[in-house]
Amino acid sequence: PLTRRNTRISRITLMIVDEKLPMFDIEELLVDVYFWFEYSSKRKNAYADFCTFTDVEYRRVLKFISVRWLGMSSCLERILKQFAALKSYFLSTPDSDRSSKVRLARLVKVFENPVTECYLLFLHSCLPSFVTFNLLLQREDPILPLIYDAMIDLIVIVLSRFLVPEVVSQFKANPTKQF
């Protein structure tokens, strides 16, 4: 199998996609939401009330660990399922709390942005391709003959989200040509 260091290729690619859409750091958001609720029963209870208010099933926020980024998809999916309740909760926090707590201020800023949910949905739609590629890199059997085609497929998937189909087709026909 390839080493962990070699499996970072797809993670770096995802980070590049994330950087090209400069909304916020997705890993930071996942960590912030988790730790905001993790050690506070009072916050969890208040959040449960917001879930009831927004008619969203209360579910525990999943912990994202940056070295286990394959779990990002499930953490992000949980955030998206509870987005209405989370947004309502964070936007209803008192201004005095926002100024004194850095994590809360970051979370409020993210949930205040009207494009946040769309951005999260976009990232969530991209993740399965990266997960599939990363799982290929972690296989036990020899995969060297598969890597080139798998990388081209991943690049095509990413490009198809940003470029017109003609450009993507040109790239598929000749991946070594610079565009």
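Residue 337 is where the sequence shown starts when you use the numbering used here, and the numbers rise one by one after that. Even glycine gets a Cβ: it sits at the ideal position worked out from N, Cα and C. These numbers were taken from a predicted model, which means no experiment stands behind them.
Is Asn449 buried or exposed, if buried means 16 or more other CB atoms sit within 10 Å of its CB? For the purposes of this step, residue 449 is taken as residue 113 along the sequence shown, with counting starting at 1. Asn449 is classed as exposed because its beta carbon has fewer than 16 other beta carbons within 10 Å across all chains shown.
Once DSSP output is grouped into helix, strand and coil, what is the label at Gln293? Nothing in the structure corresponds to residue 293, since the chain is present only between 337 and 515.
Pair within 7 Å by beta-carbon distance, Arg439 and Asp368: What you label residue 439 is simply residue 103 of the sequence shown in a count that begins at 1. What you label residue 368 is simply residue 32 of the sequence shown in a count that begins at 1. Against a cut-off of 7 Å, the Cβ pair of Asp368 and Arg439 comes out as a contact.
Within the continuous alpha helix (DSSP H) that includes Lys445, where are the two ends? The residue labelled residue 445 in the question sits at position 109 within the sequence shown. From DSSP, the alpha helix (DSSP H) with Lys445 extends over Val438 to Glu448.
Other residues of its chain near Ile488: CB distance less than 6 Å, five sequence neighbours each side excluded: As a first step, residue 488 is located in the sequence shown; it is residue number 152 there, counting from the start. These residues qualify, in order along the chain: Pro511.
Please identify the residue among Leu490, Leu480, Pro430 and Cys454 whose C-alpha is closest to the C-alpha of Leu416. The residue you call residue 416 lines up with position 80 of the sequence shown. Nearest option by C-alpha distance: Cys454.
For Gly407 and Pro481, what's the separation of their Cα atoms in angstroms? The sequence position of residue 407 within the sequence shown is 71, counting from 1. The sequence position of residue 481 within the sequence shown is 145, counting from 1. One C-alpha to the other measures close to 27 Å.
7 Å Cβ cutoff met for Tyr425 and Tyr383: The residue you call residue 425 lines up with position 89 of the sequence shown. The residue you call residue 383 lines up with position 47 of the sequence shown. Yes.
Do Val492 and Lys508 have their beta-carbon atoms positioned less than 7 Å apart in this structure? One-based indexing of the sequence shown puts residue 508 at position 172. One-based indexing of the sequence shown puts residue 492 at position 156. It is a contact, given that the beta carbons lie within the stated cut-off.
Look at the alpha carbon of Pro337 and the alpha carbon of Ile479, and state the distance between them as a whole number of angstroms. Looking up residue 337 in the sequence shown gives position 1. Looking up residue 479 in the sequence shown gives position 143. Residue placement at Pro337 is flagged as unreliable, the pLDDT there being 47, under the threshold of 50; the coordinate-derived value follows with that caveat. Looking at the two C-alpha atoms, the distance is approximately 8 Å.
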